Amino acid sequence: MIVDAHTHRYPDEVIQDPETYANQAKEFHWLGLVMPEQGASLQGWANRRQMLADMDNAGVDKAVLLGWYWENPDSCILHNDWHA
20 MIVDAHTHRY PDEVIQDPET YANQAKEFHW LGLVMPEQGA SLQGWANRRQ
70 MLADMDNAGV DKAVLLGWYW ENPDSCILHN DWHA
């Protein structure tokens, strides 16, 4: 069994427009990591269906979904509620 032990996924309102979300929520540290001024982001923006298809194609059986170390409590609540 292959397990991806470090996977970040985000609610749709976050991934649809990361820059707008980050600016409105004042999540500037996160924005700098997922949309760096130079270089490409390491973050993929797959929805659930695409993530599962990618896992199948790569032979990954399970994934551990992780939260994020947000700067603001409202972002934590949004993400935690979405994971639940």
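Numbering-wise (this note's numbering), the sequence shown opens with residue 20 and increments by one. Every residue gets a Cβ at the ideal spot worked out from N, C-alpha and C, and that includes glycine. Predicted model only: the values in this text are computed from it and were never measured.
Considering residue i, what are the terminal residues of the alpha helix (DSSP H) in which it resides?
i, result
"Ala65", "Unbroken run through Ala65: none, as it is neither H nor E."
"Trp101", "Pro92 to His102"
Considering only residues of the same chain and omitting the five flanking positions on each side of residue i, which have a CB-CB separation below 7 Å?
i, result
"Asp73", "Ala65"
"Thr26", "Ala82, Val83, Leu84 and Leu85"
Excluding five sequence neighbours on each side, which residues of the same chain lie with their C-beta closer than 6 Å to the C-beta of residue i?
i, result
"Lys81", "Val22"
Can you list, in chain order, the residues of its chain whose CB lies under 8 Å from that of residue i, leaving out five sequence neighbours each side?
i, result
"Asn42", "Leu50"
"Glu96", "Looking at the sequence provided, one finds Ile at residue 96 rather than Glu. Same-chain partners within the cutoff: there are none."
Give the straight-line distance between the Cα atoms of residue i and residue j, rounded to the nearest whole angstrom.
i, j, result
"Gln62", "Met54", "8 Å"
"Val101", "Ser94", "The residue you asked about is not Val; residue 101 is Trp in the sequence shown. Each residue's alpha carbon lies about 11 Å from the other."
"Val33", "Tyr40", "6 Å"
Within the continuous beta strand (DSSP E) that includes residue i, where are the two ends?
i, result
"Val79", "Looking at the DSSP string, Val79 is not in any beta strand (DSSP E), and its letter there is neither H nor E."
Uninterrupted alpha helix (DSSP H) stretches inside the region 22-59 (no shorter than 4 residues) | Complete alpha helix (DSSP H) runs here, min 4: 31-34, 37-44 and 47-53.
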